[in-house]
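Visitor: Dropping the structure in here first, questions after.
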Amino acid sequence: MHPSLRWSSARAHKPLIKFIGKRVWPSSAGPSHPHPAAPPEYRKSFSEMVPKSSPSSGPFSGEQPAFQDFWDAPSRFWRPKYRELEEVEIDAVLVREQAHI
């Protein structure tokens with residue numbers, strides 16, 4: 022009765038792109054190389070720079086501390102930016118947490 026409606030509803034669930042084969046991700050990264058559009062002087066010095074920069078040489082290397090309670094963390098993480106919480110609000114949150122445990 023309504024062929025255009027039936028045709029459009031069937032088309033709505035059919036993707037327009039088709040993937041060939043299964044998705045396979047490489048298990049390790051390939052060898053490092055400079056970007057093809059990199060300047061020539063960077064391409065020459067790239068092999069010298071690669072050994073110097075390793076993933077463990079960054080500022081965030083190693084195990085980062087995890088904090089159980091917010092007051093154990095540095096103050097920049099728990100100091101409010103906008104307003105201080107009132108004691109009533111803190112009590113309401115703590116009572117609510119204990120009710121769910």
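Just add 21 to wherever you are in the sequence shown, counting from 1, and you've got our numbering.
Backbone N, C-alpha and C define an ideal beta-carbon position, used for all residues, glycine too.
If you're wondering where the values come from, they're calculated on a predicted model, not measured in any experiment.
In whole angstroms, what separates the C-alpha of residue 95 from that of residue 115?
Guide: In a straight line, the C-alpha of residue 95 is about 21 Å away from that of residue 115.
Visitor: Is residue 37 helix, strand or coil by DSSP?
Guide: Reduced to three states, the DSSP call for residue 37 is coil.
Visitor: How far does the alpha helix (DSSP H) with residue 98 in it extend, from its first residue to its last?
Guide: Element bounds for residue 98: 96-99.
Visitor: What does a CB cutoff of less than 6 Å around residue 91 pick up in its chain, not counting 5 residues either side in sequence?
Guide: Closer than 6 Å at Cβ, skipping near neighbours: 99.
Visitor: Measuring CB to CB, does residue 49 end up less than 7 Å from residue 71?
Guide: No, the Cβ-Cβ distance between residue 49 and residue 71 is not below 7 Å.
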